[in-house]
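*Asks:* In the UniProt record's numbering, the protein residues as written are 1 to 439.
In this text, a Cβ means the ideal position worked out from N, Cα and C, and glycines have one as well.
Model, not experiment: these values are computed from the prediction.
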Amino acid sequence: MLWAALLPDVDPSHNLPSTDVLSGTATWALQYTPRVAAVEGTAVVMELSASARLFGGKRRLAERIRNEAADLGIKPPSWAPTSLAALALGRLGRVNGISAPLAQVLDALPFDTLSAARRHEATLSRLGCRTLGDVRALPRGGMARRFDAQLLAALDQAYGLRPDEHPWVTLPDRFAQRLELMSRVELAPALLFGARRLLLQLCGWLAARRSGTTAFTLRWCHDVMRSKTAGDGGQLTIRTAEATRNIEHLSRLLAEHLAKVELKAPVGDLELVADEVHSLEEKSASLLPDPVQSGESLALVMERVAARLGPQRVLRPVLADDHRMEWMVHWQQAAAPQPRKRVEPAKLPQPAFMLHTPLKLAVRGDRPLYQGPLVLLSGPHRVEGGWWHRIADAEGKDQEQNVLRDYWVALSEHAGVLWVYQTRLANDRSAWFLQGVFA
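1) For G133, tell me which candidate among Q150, L114, L236 has the shortest Cα-Cα distance.
2) Where do the ends of the alpha helix (DSSP H) carrying T27 lie?
3) Could you give the DSSP three-state label for N67: helix, strand or coil?
4) I'd like to know whether the C-beta atoms of W168 and A86 end up nearer to each other than 9 Å.
5) Which same chain residues end up closer than 6 Å to P189 when comparing Cβ atoms and leaving out the 5 residues on each side of it in sequence?
6) So L355 is in the beta strand (DSSP E); what residue range does that whole segment cover?
7) Please state the DSSP three-state secondary structure of M182.
8) Starting from D107 and walking both ways along the alpha helix (DSSP H), at which residues does that stretch end?
9) Please go through the segment 123-169 and give each complete alpha helix (DSSP H) segment of 4 or more residues, from N-terminal end onward.
10) Leaving out the 5 sequence neighbours to the left and right, which residues in its chain are closer than 7 Å to H120 when beta-carbon positions are compared?
11) When we look at the beta-carbon of H222 and count the other beta-carbons within 10 Å, is it buried (16 or more) or exposed?
12) By DSSP, does S99 sit in helix, in strand, or in coil?
13) Kindly indicate which residue of S78, A410, Q31, A43 has the alpha-carbon position closest to the one of F55.
14) Would residue 440 be called buried (16 or more neighbouring beta carbons within 10 Å of its own) or exposed?
15) Tell me, to the nearest whole angstrom, how far the beta carbon of W408 is from that of V417; I am working on the premise that it is less than 8 Å.
16) Under a Cβ-count criterion, where at least 16 other Cβ atoms within 10 Å of its own Cβ denotes burial, should W432 be classed as buried or exposed?
17) Would DSSP call S227 helix, strand or coil?
18) Could you check what DSSP says for M325 in three-state terms: helix, strand or coil?
19) Can you tell me which of the three DSSP states L434 falls into?
20) Applying the criterion that 16 or more other CB atoms from any shown protein chain within 10 Å of the CB defines a buried residue, is D164 buried or exposed?
21) Excluding the five sequence neighbours on either side, which residues of its own chain have a C-beta within less than 6 Å of the C-beta of D393, listed in chain order?
22) Taking the alpha-carbon positions, what's the L287 to R53 distance?
23) So, is M46 buried or exposed, given that buried needs 16 or more other C-beta atoms within 10 angstroms?
24) Can you give the Cα-Cα distance for H330 and A307, rounded to whole angstroms?
25) On the three-state DSSP scale, how would you describe T423?
26) So what's G372 in DSSP terms, helix, strand or just coil?
27) Between which two residues does the alpha helix (DSSP H) holding A190 run?
28) Just to confirm, are G255 and L192 a CB contact at a threshold of 9 Å?
29) Which residues in the same chain as V292 place their Cβ atom closer than 7 Å to its Cβ, once the five residues preceding and following it in sequence are excluded?
30) Starting from A85 and walking both ways along the alpha helix (DSSP H), at which residues does that stretch end?
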């Protein structure tokens, strides 16, 4: 067995960590193993022997847990073959309980590191006991008569003579965690320190569900000494273009949004809620490493840029199901979801550059002119439609966007290959227009 004990680094003025801290720690730990338990209202223990190989071995798993635990405000985890042994070591700030025989490690510990023995501290001290080894050396028959059964059971469980028994923590169906800040915060960007702890718990919850989030909300509560006009608090909802549980991306995205927030009063509490959760495809490890390492997706990068510059300044083109050249592509916010329906591009020739407004061409002998006569290379390509499309003009009147055009690929001696079309005007006369230039 491989047990880790996680003890929150609480304020010395508080005897016990808050239930929010313990529940958040347990939720985060469920990404590594389903065998997670909250013990005695002071710590979280988890059994990882079956999970070590999935995370690259015991050494890499221990390093990852230690790094994330520090970000969560948890003391370095203690490791031992039993849960109570790991907990006893954690109370002394010792982390290694697996490099030496378990009995040798525990015998040297003060007996008050075991909660069941601490309850009989006065009696055990009068008997001359100072360490767990001293308590263990007492006759078992006399201990059974003089003390409660929990002391012997706890000793046997700590020394591995009986199996660990804990009520396991179950993964909640909905993520909503609170955090009391260590001090009152007056600037919104400073909320990121506490919010990152909640984001780590969120990412652990998502990993346990094999899911990612596309929307989460950070709420903050104002201090009770706030002004009457400040209100109870505020909130900020963050949306992503694709489901993710990347802690670094979510933290940077939240930081960009918090930089634009002005707090109306000092903040004392935070709450993080997962609004939208979707399943996330797992990437399997390969026997041979991929020579081309996949970096961060373009969508995630665009989200951070849009959060900094504003969503209206970061746009992307989206192909529309329309054969009219000026309506074939429209621009939308980069963070907005793309249409689910796949649009096939038109089979017409596609110029590299489109004029914002088609340029009317001169005509000589029914042939269009642009820096000289044009040679029509291919065509006509008929495009017709738009009778359903109406746009209000400057006077508020609806103008029909119906078109009837014959497109041609034309060659100009000076301008290169052009995209021109012929259309019929209102007076039944035809006209030629230049709409695009090929590369």
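*Replies:* Reading off the structure:
1) Translated into the one-based positions of the sequence shown, residue 133 becomes position 133. Selected option, being the one with the closest Cα: L114.
2) Here residue 27 is taken as the residue at index 27 of the sequence shown, counted from 1. For T27, the enclosing alpha helix (DSSP H) begins and ends at 19-29.
3) Position 67 of the sequence shown, counted from the first residue, corresponds to residue 67. Looking at N67 - three-state DSSP - the assignment turns out to be helix.
4) Along the sequence shown, read from residue 1 onward, the residue named residue 168 stands at position 168. Along the sequence shown, read from residue 1 onward, the residue named residue 86 stands at position 86. Contact check for W168 against A86 fails: the beta carbons are separated by 9 Å or more.
5) If you number the sequence shown from 1, residue 189 lands on position 189. L258, A259.
6) As a working note, residue 355 is residue 355 in the sequence shown. Looking at the DSSP string, the run of the beta strand (DSSP E) that includes L355 is 353-360.
7) Numbered from 1 along the sequence shown, position 182 holds the residue referred to as residue 182. Strand, per DSSP.
8) On the sequence shown, position 107 is the one that residue 107 refers to. In this chain, the alpha helix (DSSP H) harbouring D107 covers 102-107.
9) Residue ranges of uninterrupted alpha helix (DSSP H) with 4 or more members, entirely inside the segment 123-169 and ordered along the chain, are 132-136, 140-146, 149-158.
10) Against the sequence shown, residue 120 aligns to sequence position 120. Cβ within range, chain order: F147, L151.
11) Translated into the one-based positions of the sequence shown, residue 222 becomes position 222. Result: buried.
12) The count along the sequence shown starts at 1 and reaches residue 99 at position 99. Of the three classes helix, strand and coil, the one that applies to S99 here is coil, per DSSP.
13) In the sequence shown, residue 55 corresponds to position 55, counting from 1. Residue Q31 holds the alpha-carbon nearest to the alpha-carbon of F55 among S78, A410, Q31, A43.
14) The structure shown does not extend to residue 440, since the chain spans only 1 to 439, so no value can be given for it.
15) As a first step, residue 408 must be located in the sequence shown, where it is residue number 408. As a first step, residue 417 must be located in the sequence shown, where it is residue number 417. Under the criterion of beta carbons closer than 8 Å, W408 and V417 do not qualify as touching, at roughly 11 Å.
16) As a first step, residue 432 must be located in the sequence shown, where it is residue number 432. The C-beta of W432 has 16 or more other C-beta atoms within 10 Å across all chains shown, which makes the residue buried.
17) Stepping through the sequence shown from its first residue, residue 227 is reached at position 227. Coil at S227, not helix or strand.
18) Along the sequence shown, read from residue 1 onward, the residue named residue 325 stands at position 325. Correct three-state label for M325: helix.
19) Position 434 of the sequence shown holds residue 434. In this structure, L434 counts as strand in the three-state DSSP scheme.
20) In the sequence shown, residue 164 corresponds to position 164, counting from 1. Burial call: buried.
21) Along the sequence shown, read from residue 1 onward, the residue named residue 393 stands at position 393. Excluding sequence positions up to five before and after D393, its CB lies within less than 6 Å of the CB of Q399, all in the same chain and listed in chain order.
22) Position 287 of the sequence shown, counted from the first residue, corresponds to residue 287. Position 53 of the sequence shown, counted from the first residue, corresponds to residue 53. Residue confidence for L287 is low, a pLDDT of 49 falling below 50, so the modelled location carries little weight; the figure read from the coordinates is stated next. Those two C-alpha atoms are separated by around 14 Å.
23) Position 46 of the sequence shown, counted from the first residue, corresponds to residue 46. It is buried - the Cβ of M46 has at least 16 other Cβ atoms within 10 Å.
24) Against the sequence shown, residue 330 aligns to sequence position 330. Against the sequence shown, residue 307 aligns to sequence position 307. Spanning the two alpha carbons is a distance of roughly 21 Å.
25) Here residue 423 refers to the residue found at position 423 of the sequence shown. In the three-state scheme derived from DSSP, where H, G and I count as helix and E and B as strand, T423 is classed as strand.
26) Here the question's residue 372 lines up with position 372 in the sequence shown. Assignment of G372 by DSSP, reduced to helix, strand and coil, places it in the coil class.
27) The residue labelled residue 190 in the question sits at position 190 within the sequence shown. A190 -> no alpha helix (DSSP H), and no H or E assigned at all.
28) Within the sequence shown, residue 255 is the residue found at index 255, counting from 1. Within the sequence shown, residue 192 is the residue found at index 192, counting from 1. Gly is not the amino acid found at residue 255; the sequence shown has Ala there. The answer is yes: Cβ separation under 9 Å.
29) Position 292 of the sequence shown, counted from the first residue, corresponds to residue 292. Confidence at V292 is low in this model, with a pLDDT of 49, below 50, so its placement is unreliable and no value can be given for it.
30) Working through the sequence shown from its first residue, we reach residue 85 at position 85. Following the DSSP letters along the chain, one finds A85 inside the alpha helix (DSSP H) bounded by residues 83-91.
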